[in-house]
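Peer 1: Residue numbers (our numbering), protein chains in the order written: chain A, 535 to 698; chain B, 158 to 367.
C-beta atoms are modelled at their ideal positions from N, C-alpha and C, and glycine is treated no differently.
Since this is a predicted model, take the numbers as computed values, not measurements.
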Amino acid sequence: MNKELEHSFVELLQKHQNIVHKVCRLYTNNTDAHNDLFQEITIQLWRAYPKFRGDSKFSTWMYRVGLNTAITLYRKSKRRITTQEFDSVEFKIKSEEYDDTEEQQLKVLYKALHQLNDIEKALVFLYLEDKDYREISKTLGISEVNARVKMNRVKKKLKTILNP
Amino acid sequence: MDELDLLKKDWNKDKSEFKNYSDSDIYTMLHKKSSSIVKTLFYISIAELVFWLLASILPYYSSSTFQEKLEASYANPLFLGLSILSYLVILIFIYLLYKSYKAISSTDNAKKLMENILKTRKVIKYYVIYNLIMIFLSIPLSLYFEYNENQEFHQQIAEFSTNQMLVLYGFVVVVAGVFLILLWLFYRLIYGILLKRLNRNYVEIKKLEV
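(1) Using the three-state DSSP reduction, which class does A/LYS626 fall into: helix, strand or coil?
(2) Roughly how many whole angstroms lie between the Cα atoms of B/ILE350 and B/PHE336?
(3) Alpha carbon to alpha carbon, what distance is there between A/ASN680 and B/ILE362?
(4) Per DSSP, B/SER193 is paired with what?
(5) Taking beta-carbon pairs under 7 Å, can you tell me which members of the stretch 673-693 of chain A lie near chain B?
(6) Starting from the N-terminal side, write out each stretch of the alpha helix (DSSP H) that is 4 residues or longer and does not extend beyond the stretch 282-322 of chain B.
(7) Given that A/GLU636 touches chain B, what residues does it touch there, using C-beta distances under 8 Å?
(8) Let me know the secondary structure DSSP gives B/VAL367 once reduced to three states.
(9) Whose C-beta lies closer than 7 Å to the C-beta of A/SER677 among residues of the same chain, with five residues either side of it excluded?
(10) So if I threshold CB-CB distances at 7 Å, which residues from the stretch 182-204 of chain B count as touching chain A?
(11) Identify the contact partners of B/ILE362 in chain A, using a Cβ-Cβ distance below 8 Å as the criterion.
(12) Given this structure, state the Cα-to-Cα distance separating B/VAL330 from B/LEU254, to the nearest angstrom.
(13) Counting only the same chain and skipping the five closest in sequence on each side, list residues whose C-beta sits under 7 Å from that of A/ARG598.
(14) Comparing the C-beta of B/SER299 with each C-beta of chain A, is any distance below 8 Å?
(15) Can you give me the Cβ contacts of A/ALA646 inside the same chain, cut-off strictly under 7 Å, excluding the 5 residues immediately before and after it?
(16) Taking DSSP as the reference, what is the three-state secondary structure of A/ARG668?
(17) Here's the rule I'm using: 16 or more other beta-carbon atoms within 10 Å means buried, otherwise exposed. How should B/ASN320 be labelled?
(18) Mark A/GLY588 as exposed unless 16 or more other C-beta atoms lie within 10 angstroms of its C-beta, in which case mark it buried.
(19) Give the straight-line distance between the Cα atoms of B/GLU316 and B/GLU225, rounded to the nearest whole angstrom.
(20) Of all the CB atoms in chain A, is at least one closer than 8 Å to the CB of B/MET291?
(21) If the cut is a Cβ gap below 8 Å, which residues of chain B does A/GLU574 touch?
(22) In its own chain, which residues sit with a C-beta less than 6 Å from the C-beta of B/LEU289, not counting the 5 before and 5 after it?
(23) Whose Cβ in chain A lies nearer than 7 Å to the Cβ of B/LEU211?
(24) How far does the alpha helix (DSSP H) with B/ASN169 in it reach, from first residue to last?
(25) What separation, rounded to the nearest whole angstrom, lies between the Cα atoms of B/TYR348 and B/TYR326?
(26) When the Cα atoms are used, what is the spatial distance from B/TYR284 to B/PHE250?
(27) Compare the Cα-Cα distances from A/LEU660 to each of A/TRP595, A/TYR583 and A/ILE575 and report the closest residue.
(28) Using a Cβ-Cβ cutoff of less than 6 Å, which residues in the same chain neighbour B/GLN313 once the five nearest sequence positions on both sides are dropped?
(29) Nearer than 7 Å: is that true of the beta carbon of B/LYS268 relative to any heavy atom of the ligand NAD?
(30) Report the residue from B/TYR244, B/ALA333, B/PHE223 and B/SER179 whose alpha carbon sits nearest the alpha carbon of B/ILE292.
(31) Do the stretch 209-227 of chain B and the stretch 635-645 of chain A meet, that is, are 3 or more Cβ pairs less than 8 Å apart?
(32) Is any beta-carbon of chain B found at less than 8 Å from that of A/VAL599?
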């Protein structure tokens, strides 16, 4: 039974691992930390998996556990001293219609994302993942109105960073 | 175009820059140790319980004179009552800790999760405060017991002048006070470091409600 559970979990996570990667990218700024957080989210997901009933989508459930781990549970690992920081360019894949100004803007935007605090990052993350305000508010435990207000503030903040 | 829309467009592109973990990679990860703050908090609370238990039990087994004295003092109803109370308190704390750990779930919403962890931290905090207060109270109490039970000590004290008595009490209180404050600062430091981020994020999420 346990083996079966493990198997189904690994299969699901393997398929949806991009969600975890995206959380890690937002909350860490080097490869070691990224891998560390990925590892911890995986453990937390696995621990919570027996309680996953399938009444929500696996991916939706992952957002919650993933963000909770990044914001609250994860304790930064000690071994993270000499690693180089990501260049924000790394986040960007080469798009076919290479647009220099857009490229530049994205570079600054990704950098700006890293300057937000943990809660703002969570909001932006869910927004980028196309979640509606109802789901954002349910994931974070705040009201829908407050989620909306805060999101608008974050948008303004990003705008100021981009166009000083 | 809105900055975030631009970002969204890029965000949802099929990214290939992430390492694609295989099934076996993930299997290996499942069996690695977690480094979550809840786990650390759990170890701290266990260490806390064991430490204070040992502190009360060890002297009993390490010295036979102490053992005899202690057994004799159980005849005193006040002492017996205090001992029973202290064991009861330990049981209550174990129960409260168990309950608050059970309540922590990574599938709750972020705010609830933070609150439950902070609640657990509070239970540990109260246990520490309780122990510190008990130490503080036990110092004058043990002086009082010694005074009543130990003839030699009684004799010595009886010869003291009022000034000497005041100095003795003052000294005991100051030493005990400094010791307790140091211990308290030590705890603050441990929890401060461990829960710094959690506290910051909790403040941030609470701010959204105002």
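Peer 2: A quick look at the data gives this:
(1) If you number the first sequence from 1, residue 626 of chain A lands on position 92. For A/LYS626, the predicted model reports a pLDDT of 44, less than 50, meaning its position is unreliable and no value from the coordinates is stated.
(2) As a working mapping, residue 350 of chain B is identified with position 193 in the second sequence. As a working mapping, residue 336 of chain B is identified with position 179 in the second sequence. Their Cα atoms are separated by approximately 21 Å.
(3) Taking the first residue of the second sequence as position 1, residue 362 of chain B is located at position 205. Taking the first residue of the first sequence as position 1, residue 680 of chain A is located at position 146. Their Cα atoms are separated by approximately 10 Å.
(4) Start at 1 with the first residue of the second sequence, and residue 193 of chain B comes out as number 36. When beta bridges are read from the DSSP output, B/SER193 appears opposite A/TYR608.
(5) THR673, LEU674, GLY675, ILE676, ASN680, LYS684, LYS689, LEU692 and LYS693
(6) 308-316
(7) Translated into positions along the first sequence, residue 636 of chain A becomes position 102. Under the 8 Å cutoff, chain B gives LEU163.
(8) Looking up residue 367 of chain B in the second sequence gives position 210. Three-state result, B/VAL367: coil.
(9) For this step, residue 677 of chain A is matched to residue 143 along the first sequence. Excluding positions up to five away in sequence, the list reads SER671.
(10) ILE183, TYR184, MET186, LEU187, LYS189, SER191, SER192, SER193, ILE194, VAL195 and THR197: these are the residues of the stretch 182-204 of chain B whose beta carbon lies less than 7 Å from some beta carbon of chain A, given in chain order.
(11) Position 205 of the second sequence, counted from the first residue, corresponds to residue 362 of chain B. The contacting residues are ILE653, LEU674, GLY675 and ILE676.
(12) The count along the second sequence starts at 1 and reaches residue 330 of chain B at position 173. The count along the second sequence starts at 1 and reaches residue 254 of chain B at position 97. If I take the Cα positions, the gap works out to 32 Å.
(13) Taking the first residue of the first sequence as 1, we reach residue 598 of chain A at position 64. THR673.
(14) The residue labelled residue 299 of chain B in the question sits at position 142 within the second sequence. No, no contact with chain A.
(15) Within the first sequence, residue 646 of chain A is the residue found at index 112, counting from 1. In chain order, LEU692, ILE695 and LEU696 place their CB closer than 7 Å to the CB of A/ALA646, counting only its own chain and leaving out the 5 sequence neighbours on each side.
(16) For this step, residue 668 of chain A is matched to residue 134 along the first sequence. Reduced to three states, the DSSP call for A/ARG668 is helix.
(17) Walking along the second sequence from the start, residue 320 of chain B turns up at place 163. Its Cβ having fewer than 16 others within 10 Å, B/ASN320 is exposed.
(18) The residue labelled residue 588 of chain A in the question sits at position 54 within the first sequence. A/GLY588 comes out exposed.
(19) Translated into positions along the second sequence, residue 316 of chain B becomes position 159. Translated into positions along the second sequence, residue 225 of chain B becomes position 68. Across the structure, B/GLU316 and B/GLU225 are spaced so that their CA atoms are roughly 27 Å apart.
(20) Position 134 of the second sequence, counted from the first residue, corresponds to residue 291 of chain B. For B/MET291, the answer is no, since every Cβ of chain A falls outside 8 Å of its Cβ.
(21) Taking the first sequence and counting its residues from 1, the one referred to as residue 574 of chain A is at position 40. Residues of chain B passing the Cβ test: SER191, SER192 and SER193.
(22) For this step, residue 289 of chain B is matched to residue 132 along the second sequence. Cβ within range, chain order: LEU337.
(23) Within the second sequence, the letter at position 54 stands for residue 211 of chain B. Neighbours of B/LEU211 on chain A: none; closest Cβ ~27 Å, over 7 Å.
(24) In the second sequence, residue 169 of chain B corresponds to position 12, counting from 1. No alpha helix (DSSP H) contains B/ASN169, which DSSP labels as neither H nor E.
(25) Here the question's residue 348 of chain B lines up with position 191 in the second sequence. Here the question's residue 326 of chain B lines up with position 169 in the second sequence. Answer to the nearest angstrom: the Cα atoms are 33 Å apart.
(26) Position 127 of the second sequence holds residue 284 of chain B. Position 93 of the second sequence holds residue 250 of chain B. B/TYR284 and B/PHE250: Cα-Cα distance of roughly 7 Å.
(27) Locating residue 660 of chain A in the first sequence gives position 126, where the first residue counts as 1. For A/LEU660, the nearest C-alpha among the options comes from A/TRP595.
(28) The residue you call residue 313 of chain B lines up with position 156 of the second sequence. Cβ neighbours of B/GLN313 beyond the five flanking positions: none.
(29) This structure lacks the ligand NAD; in fact it carries no ligand of any kind.
(30) As a working note, residue 292 of chain B is residue 135 in the second sequence. Considering only alpha carbons, the answer is B/ALA333.
(31) no
(32) Your numbering for residue 599 of chain A matches position 65 in the first sequence. By this cut-off, A/VAL599 is an interface position.
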